[in-house]
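Positions 88 to 208 (the working numbering) are the ones given, in order, by the sequence shown.
Ideal Cβ positions, reconstructed from N, Cα and C, are used throughout, including at glycine.
Owing to the predicted nature of the structure, the values given are computational and were not obtained by experimental measurement.
These notes concern the structure reproduced below.
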Amino acid sequence: MPTASGHTTAIRATRAVGTDVYNLDGKKIGTVEDIVLDKTDNSIMFAVVGFGGFLGMGEKFHALPWATLDYDQDQEGYVVPFTRDELEAGPADTITELTKDDGLHARQEAYSYYKVDPYWH
88 MPTASGHTTA
98 IRATRAVGTD
108 VYNLDGKKIG
118 TVEDIVLDKT
128 DNSIMFAVVG
138 FGGFLGMGEK
148 FHALPWATLD
158 YDQDQEGYVV
168 PFTRDELEAG
178 PADTITELTK
188 DDGLHARQEA
198 YSYYKVDPYW
208 H
């Protein structure tokens with residue numbers, strides 16, 4: 088079944104991890120570092136996108152609602168509907184902290200900050 092932009096709704100996590108992420112201006116802002124799953128709800132809690140570092144130093148990890156990532160075949164990466172400033176101001180932490188306490192706090196912060204309707208209600 089295709090999404091609104093014509094993509095299939097099924098994707099392997101191994102294919103998504105490592106994919107570049109671009110902002111609305113077409114500039115690369117980071118990479119999908121991981122995908123956090125809600126095992127009990129059979130859903131994706133959020134994508135972990137890393138950006139802001141240089142040669143692995145100072146990189147920040149952001150929880151982005153999965154639905155905000157739209158794959159663009161021309162760029163061979165995901166595009167998010169946010170400016171760089173919005174992303175940099177967004178909630179960020181280590182991957183360990185993002186997944187602490189089952190990732191519920193990071194999920195709530197991400198969906199609230201990016202104004203995405205929560206899927207779990």
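Separation of P205 and Q162 (C-alpha to C-alpha, rounded to the nearest whole angstrom) is 28 Å.
Scanning the stretch 136-202 for uninterrupted beta strand (DSSP E) segments of 3 residues or longer gives 147-151, 157-159 and 164-166, listed from N- to C-terminal end.
By the criterion of a C-beta distance shorter than 7 Å, I116 is surrounded in its chain by V108, Y109, N110, F138, R171 and L174, once the five residues flanking it on both sides are discounted.
Residue environment: D121 is assigned as buried (16 or more neighbouring CB atoms within 10 Å of its CB, all protein chains considered). CA-CA distance, T155 to D188, rounds to 23 Å. Straight through space, the alpha carbons of A150 and A197 are spaced by roughly 6 Å.
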